Ligand code: KG4
Ligand code: ZN
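Residue numbers (my numbering): 13 to 362.
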């Protein structure tokens, strides 16, 4: 079975053809980073317009790369929640038009749930019995949350950020230090040359048993360290432009240490608190491309004797392959959705 996936929830227009829910035949991602860079973040209206311009060329390219035509497609999968509503509507409208004209089922997929499936793609060796129960972690620009999964479609929320997402913190630290947008990869690169002990930034723990996350305090701590305390008029002691490369690298490394430690600490807490015999750690979302996070998750998984499933970099970031893969399972279990499928800014997993 060939499923064509469509992704348009934020600032990447994606299309992908996946065979039998596992094999990625093509994975096309048109990024809009250049359009949003001057604003230091994603501008929703610009994102929607760019999706409209890119969606057809991206779909055609995904079919060409897979060596198939529209007529070969058995179902259309689309990320219909959560995300920027105007951006989601572009993908959902395209998916409906295609499903109607090709007379195929349409399958609406939750983007966050799909991130948890990314690490299972392009691998024939697993079965539900070998992977689940699993602990899931989604770390991205819009989400930071942990889940207990009893199957790819059986997902329970354990904890989530009470303020900023971890990716948002990376992006803000990058913009404070003048490293550009998106900030995650830039902070990741510079952190590798810095001293992680140069600054003692707070690791968010919240209450003793909490499985939630918080990144606003860490973000503010980095701001104060870079620019000094705020004055009563909202300005800062320093403008921050006096920082040299070594100082910036030390700030990045120390920030990353605290940001990543908050994640591993909550995973350990969740593992300690559950009676469920967790086999696997399923990780997804843009920040799972981070070098330090990947290394620390590897050692945590080794210590806890868990199998770690980290997607390759192109499947960490927003992509349509994860949607098309999970849609295979949803189609098998529930059948297709109807053409009245709606887009929603909120995730269905609570
Ligand atoms: O999953 P994603 O593409 O979009 C959302 O669903 O939000 O994640 C994008 C986020 C951005 O905040 C970006 O800065 C971050 O992932 N990111 C990284 C790295 N690569 C991307 N953060 C840290 N280290 C990286 N290497
Ligand atoms: Zn995402």
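No residue lacks a Cβ here, since even glycine has one placed at the ideal position from N, Cα and C.
Owing to the predicted nature of the structure, the values given are computational and were not obtained by experimental measurement.
Would DSSP call residue 39 helix, strand or coil?
Residue 39 falls in the strand class under three-state DSSP.
For residue 211, is the beta carbon positioned less than 7 Å from some heavy atom of the ligand KG4?
Residue 211: no, Cβ never under 7 Å from the ligand KG4.
Segment contact, 8 Å Cβ cut-off, at least three pairs: the segment 143-152 with the segment 37-48
Not touching, per the Cβ criterion.
Do residue 323 and residue 352 count as a contact pair if the criterion is CB distance below 8 Å?
No; because the gap between Cβ atoms is not below 8 Å, this pair is not in contact.
Look at the Cβ atom of residue 160, then the Cβ atom of residue 345, and state whether they are nearer than 8 Å.
Taking C-beta atoms as the reference points, residue 160 and residue 345 fail to come closer than 8 Å.
Less than 8 Å separating the beta-carbons of residue 213 and residue 234?
Their beta carbons are under 8 Å apart, which means residue 213 touches residue 234 by this criterion.
Tell me the start and end of each unbroken beta strand (DSSP E) in the segment 230-306 that is at least 3 residues and wholly inside, in chain order.
For the segment 230-306, whole beta strand (DSSP E) runs of length 3 or above, ordered along the chain, are 292-296.
Given the structure, does residue 127 come close to the ligand ZN, in the sense that its CB is under 7 Å from one of the ligand's heavy atoms?
Indeed, a heavy atom of the ligand ZN lies less than 7 Å from the Cβ.
Closest to residue 258 by C-alpha separation, out of 221, 290, 227, 204, would be which residue?
Nearest option by C-alpha distance: 204.
What did DSSP end up calling residue 150 once you bin it into helix, strand or coil?
The answer is strand: DSSP assigns residue 150 an E or B state.
Within this structure, are the beta carbons of residue 210 and residue 282 separated by less than 8 Å?
No, Cβ-Cβ distance for residue 210 and residue 282 is not below 8 Å.
Under 8 Å, do residue 128 and residue 294 count as touching if we go by C-beta distance?
Pairing residue 128 with residue 294 gives a Cβ-Cβ distance under 8 Å.
CA-to-CA distance, residue 261 to residue 28, given in whole angstroms:
Straight-line measurement puts the Cα of residue 261 at about 37 Å from the Cα of residue 28.
Which one of 269, 185, 320, 292 has the shortest CA to CA distance from residue 304?
Answer by Cα proximity: 269.
Taking 7 Å as the cut-off, is the beta-carbon of residue 297 closer than that to any non-hydrogen atom of the ligand ZN?
At least one heavy atom of the ligand ZN lies less than 7 Å from the C-beta of residue 297.
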